[in-house]
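Residue 26 in our numbering sits at position 24 of the sequence shown, and the numbers go up by one each step. Shown next, in structure tokens, is the structure this report addresses.
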Amino acid sequence: MIKSELIQRIAARNGHLYQRDVETIVSTILDEITLALARGDRVELRGFGAFSVKRREARTGRNPRTGEQVSVDEKSVPFFKTGKEMRERLNEAHG
3 MIKSELIQRI AARNGHLYQR DVETIVSTIL DEITLALARG DRVELRGFGA
53 FSVKRREART GRNPRTGEQV SVDEKSVPFF KTGKEMRERL NEAHG
């Protein structure tokens, strides 16, 4: 599902809300999560999961095409861990 599909589904389930308002709400939530992660904060949504940032140290990698060694800079990467309730619901659906 992409962002626009999420907005359409939320608007369809909540007929009292205008789609443009739902779009503003969804965008604001995603922006706040992104800003919190950029500050190094952890974002936890109970029952859904937790977003955090992990640091990857600088390292020496290889160019897969040439085999040449390449320097890879340190970087931050987003990490998501599912919540217990989400894991249980997913396993019910497939179990």
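Backbone N, C-alpha and C define an ideal beta-carbon position, used for all residues, glycine too.
With 16 other CB atoms within 10 Å as the buried threshold, where does Ile27 fall? exposed
Within 10 angstroms of its Cβ, does Ile9 collect 16 or more other Cβ (buried), or is it exposed? buried
In the DSSP assignment, what residue or residues form a beta bridge with Lys83? Ala52
Who are the Cβ neighbours of Gly63 in its own chain at under 7 Å, not counting the five residues just before and after it? Val72, Val74
So who's on the other strand from Leu47, going by DSSP bridges? Gly51
Hey, how far is the Cα of Thr36 from the Cα of Arg11? 22 Å
According to the neighbour-count rule (16 or more other Cβ atoms, all chains shown, within 10 Å of its Cβ), is Val24 buried or exposed? buried
Pull up the distance between the alpha-carbon of Thr30 and that of Ser78, whole angstroms please. 23 Å
Here's a check: name, in chain order, each residue in its chain whose Cβ is nearer than 7 Å to the Cβ of Met88, leaving out the five neighbours to either side. Gly49, Phe50, Gly51
Any idea what DSSP makes of Arg64, helix, strand or coil? strand
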